[in-house]
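Quick note: the sequence shown, position 322, residue 321 per numbering that gives the first Met the number 0, numbers continuous.
Where a beta carbon is used, it is the ideal one built from N, C-alpha and C, also for glycine.
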Amino acid sequence: MPNIAFLPFNVAEPVRPALGRQLCQFLSEALKVQPEVGTNFVSYVAQVGTPAEPEAAFVNLTEELNSDDFIKQVQEQSGADVVVDGSIERVEDKYELTLRFSKPGVIGSSTSTKTFGVPEIFDTVRWMVSELAKGVEITLLPEFAEKMEFGTDDPQAFYDFLLGFDAISYIGQAGSQVSKNFDLSAAFDELLSAVERDNDFLGPYEAVLQLSQLCAQNGVGTFEVVESKLKKLLEMIPFDWRGYYATAGIYQGSGRLNEAADTYEKAIRVLDEERAKTLTKKSAGEDVDVPDLEPALFTRLGLVQQQLNMVANAERSFKKALDLEGPDKPTMDFLAGLMSATGRGHEVPAMWKAVIDQNPNSPVAWAKYGMSLLQAERQADAEKAFDEGLEKTENSLMVKRYYAPFLVRKGEFDRAMDFYEDCLEETPQDVGLLLEYAQTLGKAGREHEIPDVLKTILAGEIDQDTKANTQAWLYELEQPKRIEALQRAQEFMEKEEFKLAIDELEPMKVWMQDYWKLWALLSTLYNRAQRFEDAEAAARKVIEIFPGCEPAYGELAGSLVGQDKAEDAYNMLAMVLRARPTSLPIALNLAMAAKQTGRRDEASRLAKQLREAAGPGNVELEKVLSEIERA
Numbered sequence: 000m001p002n003i004a005f006l007p008f009n010v011a012e013p014v015r016p017a018l019g020r021q022l023c024q025f026l027s028e029a030l031k032v033q034p035e036v037g038t039n040f041v042s043y044v045a046q047v048g049t050p051a052e053p054e055a056a057f058v059n060l061t062e063e064l065n066s067d068d069f070i071k072q073v074q075e076q077s078g079a080d081v082v083v084d085g086s087i088e089r090v091e092d093k094y095e096l097t098l099r100f101s102k103p104g105v106i107g108s109s110t111s112t113k114t115f116g117v118p119e120i121f122d123t124v125r126w127m128v129s130e131l132a133k134g135v136e137i138t139l140l141p142e143f144a145e146k147m148e149f150g151t152d153d154p155q156a157f158y159d160f161l162l163g164f165d166a167i168s169y170i171g172q173a174g175s176q177v178s179k180n181f182d183l184s185a186a187f188d189e190l191l192s193a194v195e196r197d198n199d200f201l202g203p204y205e206a207v208l209q210l211s212q213l214c215a216q217n218g219v220g221t222f223e224v225v226e227s228k229l230k231k232l233l234e235m236i237p238f239d240w241r242g243y244y245a246t247a248g249i250y251q252g253s254g255r256l257n258e259a260a261d262t263y264e265k266a267i268r269v270l271d272e273e274r275a276k277t278l279t280k281k282s283a284g285e286d287v288d289v290p291d292l293e294p295a296l297f298t299r300l301g302l303v304q305q306q307l308n309m310v311a312n313a314e315r316s317f318k319k320a321l322d323l324e325g326p327d328k329p330t331m332d333f334l335a336g337l338m339s340a341t342g343r344g345h346e347v348p349a350m351w352k353a354v355i356d357q358n359p360n361s362p363v364a365w366a367k368y369g370m371s372l373l374q375a376e377r378q379a380d381a382e383k384a385f386d387e388g389l390e391k392t393e394n395s396l397m398v399k400r401y402y403a404p405f406l407v408r409k410g411e412f413d414r415a416m417d418f419y420e421d422c423l424e425e426t427p428q429d430v431g432l433l434l435e436y437a438q439t440l441g442k443a444g445r446e447h448e449i450p451d452v453l454k455t456i457l458a459g460e461i462d463q464d465t466k467a468n469t470q471a472w473l474y475e476l477e478q479p480k481r482i483e484a485l486q487r488a489q490e491f492m493e494k495e496e497f498k499l500a501i502d503e504l505e506p507m508k509v510w511m512q513d514y515w516k517l518w519a520l521l522s523t524l525y526n527r528a529q530r531f532e533d534a535e536a537a538a539r540k541v542i543e544i545f546p547g548c549e550p551a552y553g554e555l556a557g558s559l560v561g562q563d564k565a566e567d568a569y570n571m572l573a574m575v576l577r578a579r580p581t582s583l584p585i586a587l588n589l590a591m592a593a594k595q596t597g598r599r600d601e602a603s604r605l606a607k608q609l610r611e612a613a614g615p616g617n618v619e620l621e622k623v624l625s626e627i628e629r630a
C-alpha cells in the first residue's frame, strides 16, 4: 500500500495561502476513499507573538516549489513512498498550478502544470486526481474516477468553501493561540457566501457550525461575531434544527441561559415540523428519509433548565431524552444528578433498576445501578448489585471497573487489584485505570511496584497535566532524599527565611528539571524575595511542565508586575482566562491586573462575577473583591 505525504501548495502573491493549503488537503481527503492507499496531509504552523502572549500561525514556506533538500528531509522523516507538493501563482485573471510528485531518491519524478479559473476548479481537482493516479501508479475505483463528488455544482460556492474551511484547520491546530490579526469574520463570511450560493451544499453549512463551536471551545473571536454569523445562517437555512442546536450551545456556554433554553426549544420545534412534513410525504408514497428525534436536544435543554432552577421542566426533558435513547441511557446520569441535587437521590436506584429490567445484560446499567446504591449509602445492596451484575453480564469489565474502587474502600485490595488487572489486559494504556491501580498498590503495601506503573503511564500519550503529576509522584517515590530538601524549604518559607529556602532548593534544579513542585515553590520564594526576573523564569517553567497549575499564573503575573510589566501581566491573564473561562483564581488575578492597569470597569465587572460564582460566606475572598472595587 503506497503511503502518500501531501504538503500544502506554496503560493505567490496575490494568491491566498488558504487556497494552496485547502486544495491539497481536499486532494488528500479525497484519496482516503481509495483502497490500499495511505494519505497524510502535513501543515506548517509557526509559533509567533511573545512569551507572554504566544500565537500560532500557518506558514507559506516559499512562493515556489519546495527545495530538493526540504523534500528529501520530508521523505526521510515521514517514510512516505510519494511526497506531493506544488505551487500556485496568479497569471492575469487565472491561477497556474504546478503539481509535483517525488519518490525516494527522485525529486520530481513527475511534474505537470495546469492553468485554471474558479469556473474550472472542479475539472482542476479531477485533473490532480488523475495525475496523482498516474504518478503514483494506483488504480482508482471506477465510480470515483468517473464522477468525483463535490457536494455542489457551483464552482464559486466550492471555492468560497475551501477558503472559509481553512479557518477550521487553523483554529483546530492553533487552539487558544490564534493570532490577534486573524480575521474570523471574513472566514465566516466566505462560508456563508457558499451557503447563500447553494442552500443544498452541506459542506459550508456544517463548517459554519463547526467553526462556531471551535471558537467557543478555544475562546477565539467575540461572542457578538459568532452570534451574528449564526443568526445569518439561520435566516438562510431556517428549516435545519442543527443550526438552532449550535446557536443554543453558544448561548449556553456564554451563560445566556434563557436564550439557550428558547433556542433549544426552537430546534425541537423545527425538527418536529420537518418530521411531520416527511412523514406526510412518506405516507403519500414518496421515497424520503424521515429524520429521527434527537435525544441530545432534550438532554441539553434539561441541563439549561436545571441551571435556571426549572427543576420540573428539566426532569421532563431528561425523561423525554431517556425515552428516545438506546439501552445504555446516557441521560440517566444527568437525571440522577438532578434528583440528588433536589433531595430525591433515594429514587435513583429504582430508576436504574428499571433500566436493568428492560435490558438485564447491560454492563453500563449494572455498573451505574451499583454506584447509585453506594451514593444512597446502601453499601450491602451495592455489593449484591455488583456481584449480580458480574453474573448477569458474564464478568463484564465495566462492572469490574466500577466495583474495584468500592472494594478498595472496603479494604479488599487483592480482589480489587485482580479486577484492575483484568481491565488493564483489555485497555493497558488507560491512564485513569493505571493511576487507580497505582494508588491501590500503595494502599496494599506494595509501593515498590508503583514506579513501574507510573513509567507505563509516562511512556504513553498523555496530557501534559497528567504527565506533570505522574512524574512528580515518581520523583517522590524514587528520590525521597531530595524531596526532604523541598520540605525543609517549605519550613523556611513559613518562617519567612526566604534566602535559606532558596539556597535549599536551587541545587535541585539540575537534578529535577521536570519536577513542577520544585519550580512552583521557587517562583513563590523568588517573588517573596523580590527576585522578580527569577520568579518569572520559574513560573514559566511551572506552566511549561504543568499548564493546569493555576497558582503559577498568579505567580507569573506577580513577577511581571514586580518588573513594572503590569500590562504584560494583564494580557497574559486575559489570554489564559479565555482558555480557562471557569477558573476563579485566574479570573481573580485578572481582576487585580485590570485594576492595576487602569481598567476599573472591567475589574469591577469581574469582581461582581466572582462574588456571584463563589457565593456568600467567603470572608477572605470578599476582602480582596472589596479592595478591587474600591476607587
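- Counting other Cβ atoms within 10 Å of its Cβ, K594 reaches 16 or more and is therefore classed as buried.
- The C-beta distance from A320 to P294 rounds to 4 Å, short enough to fall under 8 Å.
- Take the alpha-carbon of T426 and the one of A283: they are about 51 Å apart.
- Straight-line measurement puts the Cα of A55 at about 6 Å from the Cα of Q176.
- Secondary structure of I170 (DSSP, three-state): helix.
- For A467, the closest alpha carbon among the candidates Q512, P237 and A556 is that of Q512.
- Inclusion of Q374 and G344 in the CB contact set at 8 Å is warranted, their separation being smaller than that value.
- Separation of V560 and T49 (C-alpha to C-alpha, rounded to the nearest whole angstrom) is 17 Å.
- Taking 8 Å as the upper bound for CB-CB distance, L457 and A437 are not in contact here, some 12 Å apart.
- With a cutoff of 8 Å on beta-carbon distance, G459 and Q489 are scored as not near each other.
- Cβ atoms of G242 and P580 stay farther apart than 8 Å, at about 24 Å.
- Sixteen is the threshold: when 16 or more other Cβ atoms of the shown chains lie within 10 Å of the Cβ of D567, as they do, the residue is buried.
- For R89, the enclosing beta strand (DSSP E) begins and ends at V81 to V90.
- Under the three-pair Cβ rule at 8 Å, the segment 127-146 does not count as touching the segment 165-175.
- The beta carbons of K231 and L191 sit about 6 Å from each other, so the pair counts as a contact at 8 Å.
- Between Y263 and A247, the CB-CB gap stays under 8 Å.
- Taken atom to atom, the span from the alpha-carbon of L372 to that of Y514 is near 40 Å.
- Per DSSP, reduced to three states, the secondary structure at F333 is helical.
- Bridge pairing for A568: absent [DSSP].
- Taking D417 as the centre and dropping the five residues before and after it, the same chain places no C-beta closer than 7 Å to its C-beta.
- At a Cβ-Cβ threshold of 8 Å, L162 and M127 do not count as neighbours.
- Annotation for I267: W240, L296, F297 and L300 place their beta carbon closer than 8 Å to its own, counting only its chain and skipping 5 residues before and after.
- In the pairwise beta carbon analysis, the segment 348-366 is classified as touching the segment 382-396: at least three pairs are separated by under 8 Å.
- Distance check between A215 and each of N570, P203, E223 and I249 places I249 closest, using alpha-carbon atoms only.
- In terms of CA proximity to L60, N9 leads the group N9, D92, Q74 and V207.
- About 7 Å separates the beta carbons of L609 and A590, which is inside the 8 Å limit, making them a contact pair.
- DSSP places A11 in the coil class of the three-state scheme, outside both helix and strand.
- Rounded to the nearest whole angstrom, the CA to CA distance from L517 to V47 is 29 Å.
- In this structure, DSSP gives E54 an extended state, which the three-state scheme calls strand.
- For the pair L485 and L504, the CB atoms are nearer than the 8 Å cut-off.
- Counting only runs of at least 4 residues, the segment 91-145 fully encloses the following alpha helix (DSSP H) elements, listed from N- to C-terminal order: 120-135 and 141-145.
- Looking only at I236, L520, L423 and K508, the smallest Cα-Cα distance to E493 is reached by L520.
- A contact between stretches requires three or more CB pairs, one per stretch, nearer than 8 Å, and the segment 19-30 meets this requirement with the segment 73-87.
- Bounds of the beta strand (DSSP E) holding T38 are G37 to F40.
- The Cβ neighbour count for V509, taken over all protein chains shown within 10 Å, is under 16; the residue is labelled exposed.
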